[in-house]
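A short write-up of the structure that comes next.
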Amino acid sequence: KYEASVIIPVWNRAKTISHAIKSVLSQEVDFKFNMIIVDNYSTDGTTEIIKSFAESDDRIVHVIPKRKDLGIGGCWNEAINHPDCGKFAIQLDSDDLYIDNTVIQRVVASFYEQNCAMVVGSYKMVNFKLEEIPPGLIDHKEWTPDNGRNNALRINGLGAPRAFYTPVLREIQVPNVSYGEDYALGLAISRHYQIGRIYDPLYLCRRWDENSDSSLDIVKANTHNFYKDKIRTLEFWARQQVVKEGN
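Listed below in structure tokens is the structure:
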């Protein structure tokens, strides 16, 4: 039914959700696409903003999950298992934007051109006003076609936007956490599948005082780092097992 779906999990982003939605609606493509917004019980007016957009554009699927214990990963599972989810699922955070109106078209084309199960783009760091801030472009060029899956074990993130071949994502499912879920997916998928890359900037990543990972205290920061270290360790063991089994 749909070639692609943009997935936007959201909680209390009344200041930015309309920017994200407009960024998706402005995309120019030669196939059918939609966006699935998983509204995780917002209380600041975000829900009403989404509803107003959804009433005027049938490309917007507004989902409020039955469960109330979902992190970002759990919201992703709600979206990818939705009957209207497209062949490819493309990430957009609720306070970020695509850099222009060609992003979805380019990402989908890359799946076919690079014959891969996941595509990762490059992004620019910007402030709330969308002015570029240091370090500027993040392109993760260490992710090479021949050794990217191993280099990924040595870095702390993969890039954005992240996009997935939905059948593979449904098979793996997303960890129900709100930090590192994307990194865990990238490692798990790259164990068996090629990861496609787009090194041109496709995405504007906003850094502002309401980012979910801004101003973390030392305990929270250590918890996040421990989680990623745990993911790396488990993935290393899993890959060793694959080698032993000759796969």
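The opening residue of the sequence shown carries number 624 in the working numbering; numbering runs sequentially from there.
Just so it is clear, CB atoms sit at the ideal spot from N, CA and C, and this is done for glycine as well.
*What is the DSSP secondary structure of residue 740, counted as helix, strand or coil?*
coil
*Reducing DSSP to helix, strand and coil, say where residue 790 ends up.*
helix
_For a test of your reading of the model: does the CB of residue 710 fall under 7 Å from any non-hydrogen atom of the ligand HEM? Yes or no._
Absence of the ligand HEM is noted for the structure shown, with no ligands found whatsoever.
*Could you check what DSSP says for residue 708 in three-state terms: helix, strand or coil?*
Residue 708: coil per DSSP, three-state reduction.
*residue 881 to residue 866, Cα distance in whole Å?*
Any question about residue 881 goes unanswered here, given that the chain covers just 624 to 870.
_Option nearest residue 616 by Cα separation, candidates 724, 636 and 662_ = Since the first residue shown for the chain is 624 and the last is 870, residue 616 is missing from the structure and cannot be characterised.
*For residue 830 versus residue 750, is the C-beta spacing smaller than 8 Å?*
yes
*Would you report the Cα separation of residue 675 and residue 771, rounded to the nearest angstrom?*
42 Å
*Thinking just about the alpha-carbon of each residue, which of 769, 658 and 717 is nearest to the one in residue 685?*
658
_Below 8 Å on the Cβ atoms is my contact criterion, and I expect residue 745 with residue 769 to pass it. Report the Cβ-Cβ distance as a whole number of Å._
No, residue 745 and residue 769 are not in contact; Cβ-Cβ is about 19 Å, not under 8 Å.
*Which class does residue 816 belong to by DSSP, given the choice of helix, strand or coil?*
Three-state result, residue 816: coil.
_Residue span of the beta strand (DSSP E) that contains residue 657, given as start and end_ = 656-662
_Could you tell me the alpha carbon to alpha carbon distance between residue 732 and residue 711, rounded to whole angstroms?_
11 Å
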